[in-house]
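Asker: Numbering (the numbering used here), first residue to last: 5 to 160.
Just dropping this structure here.
So, in structure tokens, the structure goes:
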């Protein structure tokens, strides 16, 4: 409890600090730390959080609307997990963000986390998605280029 209170006091002080150098460096480290310390269940919750967050954009709202009750439920669970990670496994990285990137560091770290979660989820689904998105000739050219890529490289 004291650890959490100390951390929150540090974050509060840092918000009013003028120190903002090396923008992005600490946020990226925090986002990576959080991602690297997620359990399978944490990843599910945080992927849902990224989804409902993205679902608030105008483009996403044109496809589907996520009920406010679901937004609240996912955000509540994500908040618990983020608080635990930022006060335990990633406390040093969170403190660095608070000290050096207080204006947008937490937001940048959340974006970093969301991108990594989305990349993981999309990785094994892109072949099928691209096959449906591209015409067959373009898809075949891209596959052929990948096969030939190593053929034209000079030996080192």
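For every residue, glycine included, the Cβ atom is placed at its ideal position computed from N, Cα and C.
Quantities reported herein were computed from a predicted structural model and do not represent experimental measurements.
Which residues in the same chain have their Cβ closer than 6 Å to the Cβ of residue 116, if we skip the five residues on either side of it in sequence?
Answerer: So the qualifying residues of the chain are 32, 35.
Asker: Does the segment 43 to 63 touch the segment 76 to 92, meaning 3 or more C-beta pairs lie closer than 8 Å?
Answerer: yes
Asker: Tell me the DSSP secondary structure of residue 65 in three-state form.
Answerer: Reduced to three states, the DSSP call for residue 65 is helix.
Asker: Quick check on the burial criterion: 16 or more other C-beta atoms within 10 angstroms. Buried or exposed for residue 62?
Answerer: exposed
Asker: So, is residue 112 buried or exposed, given that buried needs 16 or more other C-beta atoms within 10 angstroms?
Answerer: buried
Asker: Take the Cβ of residue 106 as the centre, count every other Cβ of all protein chains shown within 10 Å, and call the residue buried at 16 or more, exposed below.
Answerer: buried
Asker: Quick one: what does DSSP say residue 102 is sitting in, helix, strand or coil?
Answerer: helix
Asker: Answer with buried or exposed for residue 100, where buried requires no fewer than 16 other C-beta atoms within 10 angstroms of its C-beta.
Answerer: buried
Asker: Find the nearest neighbour of residue 85 within the set 114, 125, 109, judged by alpha-carbon distance.
Answerer: If you compare the alpha carbons of 114, 125, 109 with that of residue 85, the shortest gap goes to 114.
Asker: If residue 54 sits next to residue 121, beta carbons under 8 Å apart, how far is it from one beta carbon to the other, in whole angstroms?
Answerer: 5 Å
Asker: From residue 102 to residue 109, what distance separates their C-alpha atoms?
Answerer: 7 Å
Asker: Can you give me the Cβ contacts of residue 94 inside the same chain, cut-off strictly under 8 Å, excluding the 5 residues immediately before and after it?
Answerer: 34, 37, 38, 41
Asker: Any beta carbon from chain C within less than 8 Å of residue 102's own beta carbon?
Answerer: Absent from the structure: chain C. Only one protein chain is present.
Asker: Do you know whose CA, among 73, 58, 72, lies nearest residue 66's CA?
Answerer: 58
Asker: Excluding sequence positions up to five away, which residues of its chain have a Cβ less than 8 Å from the Cβ of residue 74?
Answerer: 56
Asker: For residue 97, count neighbouring C-beta atoms within 10 Å of its own C-beta (all shown protein chains included) and say buried if the count is 16 or more, exposed if not.
Answerer: buried
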